[in-house]
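Heads up, the thing below is written out as structure tokens.
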Amino acid sequence: MLETLHQPAQRDMRQVRVNLGPRSYTIHVGEGLAERCGDILGPLANGRPYAIVADEAVRAIAESAAAHLKANGLLLGPVIYVAGGEASKSFATLEQVCAALLAFGVERSHGVIAIGGGVIGDLAGFAAAILKRGVRLVQVPTTLLAQVDSSVGGKTGINTAQGKNLIGAFHQPAAVLIDPQTLQTLPQREFRAGYAEIVKYALLGDAAFFEWLNAHHDSMHRQDPSVLRDAIVTSCRMKAGIVERDELESGERALLNLGHTFGHAIEAWAGYSGAVLHGEAVALGMVLAAEFSERKGLCARGVARRLADHLRQVGLPADFTALRSLAGGRMPSPDVLIEFMAHDKKVTSGQFNLVLLRGIGAAFVARDVPVKDVRDFLCDRLA
Ligand SMILES: NC(=O)c1ccc[n+]([C@@H]2O[C@H](COP(=O)([O-])OP(=O)(O)OC[C@H]3O[C@@H](n4cnc5c(N)ncnc54)[C@H](O)[C@@H]3O)[C@@H](O)[C@H]2O)c1
Ligand SMILES: [Zn+2]
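The working numbering puts the sequence shown at residues 12 to 394.
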């Protein structure tokens, strides 16, 4: 009976290969993958066991995954649960996770499976990167953001009092298992925030994908399995391609920061309180990048408007008025945003590095954007 149930899922399995020489891996996308992770991870492990670090919010999925691994003789210790949310990306939680893994007797040939959103992936990924100088990592992302973005590409890390993601390592996973079914329990608002990153891929390099999203966003948000799977696969392909060409972010990978310099400043201003989610800040940040591109004459008029219309349709903030409602009536000042932008790591020698647009599907990195121009622009937009 079980096998019959799982057959359609297996037929609909999709794969995206990330070619990074000895660090190459496959992203598997398919319904039911998380609970049957041993099927893929068994052959990969040569019989060596995995420990699981999981988000408390996906306890049922983690328990099923653990049971499946155990049945295949591949489980090391009980599941280590961590709360989702930014506060868990800390030295204190990292220490707890590492201590628990060491108590299980983790060895270099073992693996760590991260089951959860971007927070768990970044945290458990970093633990895997530094434990015994690096153990095998498997990402099983359970938020839309993690499925299309953070689980692919090998960036891991934690936050400090000085800022987000300031301590970390590149540590590519050995496999990524994306099970879109796990999103069924994800709050709508978190789903929308992840969707903003999907729009980012369309905007930065694939105009046809942007049209496709315009046609399919409704069924996407209703979690139509084939639409959701297509959007995830297209996004992962795009990220994989960029990571393959620029693994350590010395060039092209910076394009993935489209909307993020503005977005990070908005998040920092909002205080990472949960009032404004990362994807929401990025949505507004992308509109600001498009508007600024138009203002500088780099991009045809109307691009920012089309983008904003699409984001509004799905319920994402696309202007400062929408931001104000999220932030309980508060509004940032241009100078505060500029100050946070200047603190962002994508800034060199007093000038902003900004990802700007020549059109939908055509982003580029501008390395010499005068701070004054951005400030004038923000003054106008916030007037
Ligand atoms: N490594 C990278 O390349 C990269 C890229 C983008 C973002 N990130 C990082 O990712 C983090 C954000 O990730 P996120 O948005 O996934 O946040 P998150 O991990 O905090 O998850 C969001 C919320 O959803 C809950 N959750 C997770 N899966 C669920 C499910 N299936 N059902 C119900 N609830 C569920 C979590 O407990 C949490 O409350 C940030 O720390 C960011 O810095 C990393
Ligand atoms: Zn992002």
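Cβ atoms here follow ideal geometry from the backbone N, Cα and C, with glycine treated the same way.
This structure is a prediction, so every number in the text was calculated from the model and none was measured.
Kindly examine ligand 1 and report whether one of its heavy atoms sits closer than 7 Å to the Cβ of residue 131.
True, at least one ligand heavy atom lies under 7 Å from that Cβ.
Under 8 Å by Cβ, that's how I've got residue 214 and residue 269 pegged, so tell me the actual separation to the nearest angstrom.
Yes, residue 214 and residue 269 are in contact; Cβ-Cβ is about 6 Å, under 8 Å.
Top-ranked residue by Cα proximity to residue 211, from 353, 311, 243, 200:
Comparing C-alpha distances from residue 211 to each of 353, 311, 243, 200 shows the shortest one belongs to 243.
Taking only three categories from DSSP, how would you classify residue 125?
In the three-state scheme derived from DSSP, where H, G and I count as helix and E and B as strand, residue 125 is classed as strand.
At a threshold of 7 Å, does residue 278 count as lining ligand 2 (C-beta to nearest heavy atom)?
Proximity of the beta carbon of residue 278 to ligand 2 is not indicated: no heavy atom of the ligand is located closer than 7 Å.
Consult DSSP for residue 166 and reduce its assignment to one of helix, strand or coil.
The three-state reading of DSSP puts residue 166 in strand, counting E and B together.
What residue does the alpha helix (DSSP H) around residue 383 start on, and which one ends it?
DSSP places residue 383 inside the alpha helix (DSSP H), whose first and last residues are 382-393.
Using beta-carbon positions only, say whether residue 126 and residue 65 come within less than 8 Å of one another.
It is a contact, given that the beta carbons lie within the stated cut-off.
heavy atom of ligand 1 below 7 Å from residue 318 C-beta:
Because no heavy atom of ligand 1 lies under 7 Å away, the Cβ of residue 318 does not count as near it: no.
With DSSP collapsed to three states, give me the class of residue 147.
Reduced to three states, the DSSP call for residue 147 is strand.
Cutting at 6 Å between CB atoms, please list the residues of its own chain near residue 265, excluding the five before and the five after it.
Result list for residue 265: 376, in chain order.
Under a Cβ-count criterion, where at least 16 other Cβ atoms within 10 Å of its own Cβ denotes burial, should residue 118 be classed as buried or exposed?
Only exposed fits residue 118, as fewer than 16 other CB atoms lie within 10 angstroms of its CB.
Residue nearest to residue 94 in terms of C-alpha spacing, selected from 216, 134, 141, 225:
Checking every option, the nearest Cα to that of residue 94 belongs to 134.
Beta-carbon proximity list for residue 255, same chain, < 6 Å, skipping 5 on both sides:
In its chain, beyond the 5 residues on either side, 30 have a beta carbon closer than 6 Å to the beta carbon of residue 255.
Is residue 364 helix, strand or coil when you go by DSSP?
Looking at residue 364 - three-state DSSP - the assignment turns out to be strand.
Closest by C-alpha distance to residue 202, when choosing among 224, 107, 261, 291:
Taking each of 224, 107, 261, 291 in turn and checking the Cα distance to residue 202, the smallest one comes out for 291.
With a floor of 4 residues, list each alpha helix (DSSP H) that falls wholly inside the stretch 30-116, ordered by position along the chain.
Along the length of the stretch 30-116, whole alpha helix (DSSP H) runs at least 4 residues long occupy 49-56, 70-82, 102-114, reported in chain order.
Just to check my reading of the structure: residue 115 and residue 88 have Cβ atoms closer than 8 Å, yes? What is that Cβ distance to the nearest angstrom?
Right, the Cβ-Cβ distance comes to about 4 Å (below 8 Å), so this counts as a contact.
Nearest-angstrom Cα separation, counted from residue 368 out to residue 332
Per the coordinates, the alpha-carbon of residue 332 lies some 23 Å from the alpha-carbon of residue 368.
Which residue comes first and which comes last in the beta strand (DSSP E) that contains residue 348?
That residue, residue 348, is in no beta strand (DSSP E); its alpha helix (DSSP H) goes 345-354.
Using DSSP bridges, identify the partner residues of residue 187.
Its beta-bridge partners are 38, 150.
Helix, strand or coil, according to DSSP, for residue 26 in the structure here?
It is a strand residue.
Give me, in chain order, the residues of the same chain whose beta-carbon lies closer than 6 Å to that of residue 349; leave out the 5 immediate sequence neighbours on both sides.
Here the set comprises 386.
Coarse secondary structure for residue 243, derived from DSSP in three states
Helix.
From the DSSP output, read off the bridge partner residues of residue 251.
Answer by DSSP bridge pairing: none, since residue 251 is not bridged.
In chain order, what residues of the same chain have a beta carbon less than 8 Å from the beta carbon of residue 51, not counting five sequence neighbours either side?
Once the five neighbours on either side are set aside, the close Cβ partners of residue 51 are 39, 44, 186, 188.
Pick from 390, 157, 68, 364: whose alpha carbon is nearest that of residue 381?
For the residues 390, 157, 68, 364, the minimum Cα distance to residue 381 belongs to 364.
Candidates 353, 228, 122: which alpha carbon is nearest residue 320's?
When only C-alpha atoms are compared, the closest one is 228.
Determine which residues share a DSSP beta bridge with residue 171 and list them.
According to DSSP, residue 171 bridges with 174.
Check whether the stretch 75-82 touches the stretch 220-238, taking contact to mean three or more Cβ pairs, one atom from each stretch, closer than 8 Å.
Pairwise C-beta distances place the stretch 75-82 out of contact with the stretch 220-238, as fewer than three of them are shorter than 8 Å.
Residue 192 versus residue 307: straight-line alpha-carbon distance, rounded
If you take the alpha carbons of residue 192 and residue 307, they lie about 43 Å apart.
Measuring only from the beta carbon, is residue 293 closer than 7 Å to any heavy atom that is part of ligand 2?
Yes.
Cut-off 7 Å between Cβ atoms - residues of its own chain near residue 20, not counting five sequence neighbours on either side:
Caution is warranted here: a pLDDT of 45 is assigned to residue 20, below 50, making its placement in the model unreliable, and the coordinate value is therefore given only provisionally. If you ignore the 5 residues before and after residue 20, its C-beta comes within less than 7 Å of the C-beta of 41, 42, 43, all in its own chain and listed in chain order.
Roughly how many angstroms lie between the CA atoms of residue 164 and residue 158, to the nearest whole one?
A straight-line Cα-Cα distance of about 11 Å links residue 164 and residue 158.
Secondary structure of residue 290, DSSP reduced to three states
Of the three classes helix, strand and coil, the one that applies to residue 290 here is helix, per DSSP.
Name the DSSP beta bridge partners of residue 325, please?
Under DSSP, no beta-bridge partner is assigned to residue 325.
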